[in-house]
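Student:
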Amino acid sequence: FIMTILRTDKIAGLESVNAITGSVEMRAGQNMRAEIVNGNADFNLGSSDFTIECWYNPSGTTGTANSLDVDLLMLWNNTNNRRSYGLYRDSSNSLGLIGSSDGTNSDMQSFHSYTFSDVNAWYHIAAVRISNTATVYVNGAVLGSATVSGSFYENTVDNLVVGGQLAGTSYDSKIARGFISNMRLIKGKGIYTANFTLPTRQLEVTPETVLLCCHSSQDPTHEATGKTLVAYRSSANNSFPKASTFV
């Protein structure tokens, strides 16, 4: 894999401390999939509390325009009606959680208007469900909440995708452009209950963590809980997702 050294980039307000020690560059022709483990028992959220969070930087000049859909983490096969949940921003600048109870209808959502004002900056994004309320946070502040009751559709067939979603057997749908860092999925616990101070260190595995990736400066497929990640590219003309370092 190619390591890309980027400009010095400190998170605003963190002074010499940097939570983003490594990230993965997506260029709208690349993403990664987390292979199915035990029928996706870890990844199917059901009616449980959860936290999905990551750092996202929408910069980049190659690939899908920033005005189009950006999928950050999706257990979602759009073509085959095996839609479960995901964290994404749509083309109308609504950001947050999308979900389905039956695999077809998007009836479990917490979407809120948000525009990335600086496409070269890092944003911390989180979607948290506690009981029947799903709250979306950007940079530690509540963006909005919605009632999300019931269970997400159980998808035991498809891979979880980081930086895109499935459409049938294709991974080319709604691939993100930019950089993703510290993608973490926690099942069984909503860790943010109100406005919070941004993490100042690389995220760690907690007892409830079922996915933690996009944090290595050398290996884009590194995953901290033992899951297998597979890099994807749309064609031989595309490079694979690249690991990057922020110093």
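The sequence shown runs 52 to 298 under the working numbering. Glycine included, C-beta positions come from ideal geometry on N, C-alpha and C. Fair warning: this is a prediction, and the values are worked out from it, not measured in the lab.
#1: Quick one: using the 10 Å Cβ neighbour count with 16 as the cut-off for buried, is G90 buried or exposed?
#2: Take A218 and list the residues in its own chain whose beta-carbon comes closer than 8 Å to its own, dropping the five residues that flank it on each side.
#3: Quick one: what's got a C-beta closer than 7 Å to S191's C-beta in the same chain, skipping five residues either side?
#4: Nearest to D141 by CA position, among L236, I226, E76 and I87, is which residue?
#5: Does the CB of Y136 have a neighbour CB from chain C at under 7 Å?
#6: How should V170 be labelled, buried or exposed, when 16 other C-beta atoms within 10 angstroms of its C-beta is the threshold for buried?
#7: Hey, could you find the ends of the beta strand (DSSP E) R252 is sitting in?
#8: Do you know whose CA, among N233, P271 and V256, lies nearest E104's CA?
#9: Beta carbon of T296, beta carbon of S267: below 7 Å?
#10: Check whether the segment 85 to 101 touches the segment 200 to 213, counting contact only when three or more Cβ pairs, one atom from each stretch, lie closer than 8 Å.
#11: Terminal residues of the continuous beta strand (DSSP E) containing N144?
#12: Between which two residues does the beta strand (DSSP E) carrying F203 extend?
Tutor: Here's the rundown:
#1: As a first step, residue 90 is located in the sequence shown; it is residue number 39 there, counting from the start. So G90 counts as exposed.
#2: Numbered from 1 along the sequence shown, position 167 holds the residue referred to as residue 218. So the qualifying residues of the chain are N128, N129, T130 and S224.
#3: In the sequence shown, the residue the question calls residue 191 occupies position 140. The displayed chain sequence assigns Gly, not Ser, to residue 191. Excluding sequence neighbours, G191 sits near H175, N246, F247, T248 and L249.
#4: Here residue 141 corresponds to residue number 90 of the sequence shown, with the count starting at 1. Out of L236, I226, E76 and I87, I226 has the C-alpha closest to the C-alpha of D141.
#5: Of the protein chains in this structure there is only one, and it is not chain C.
#6: Locating residue 170 in the sequence shown gives position 119, counting from the first residue. It counts as exposed.
#7: Numbered from its first residue, the sequence shown carries residue 252 at position 201. Per DSSP, R252 belongs to no beta strand (DSSP E) and is neither H nor E.
#8: As a working mapping, residue 104 is identified with position 53 in the sequence shown. Residue N233 is the option with its Cα nearest to E104.
#9: Counting from 1 along the sequence shown, the entry for residue 296 is found at position 245. Counting from 1 along the sequence shown, the entry for residue 267 is found at position 216. Contact flag unset, no.
#10: yes
#11: As a first step, residue 144 must be located in the sequence shown, where it is residue number 93. That residue, N144, is in no beta strand (DSSP E); it is neither H nor E in DSSP.
#12: Within the sequence shown, the letter at position 152 stands for residue 203. First-last for F203: undefined, no H or E at that position.
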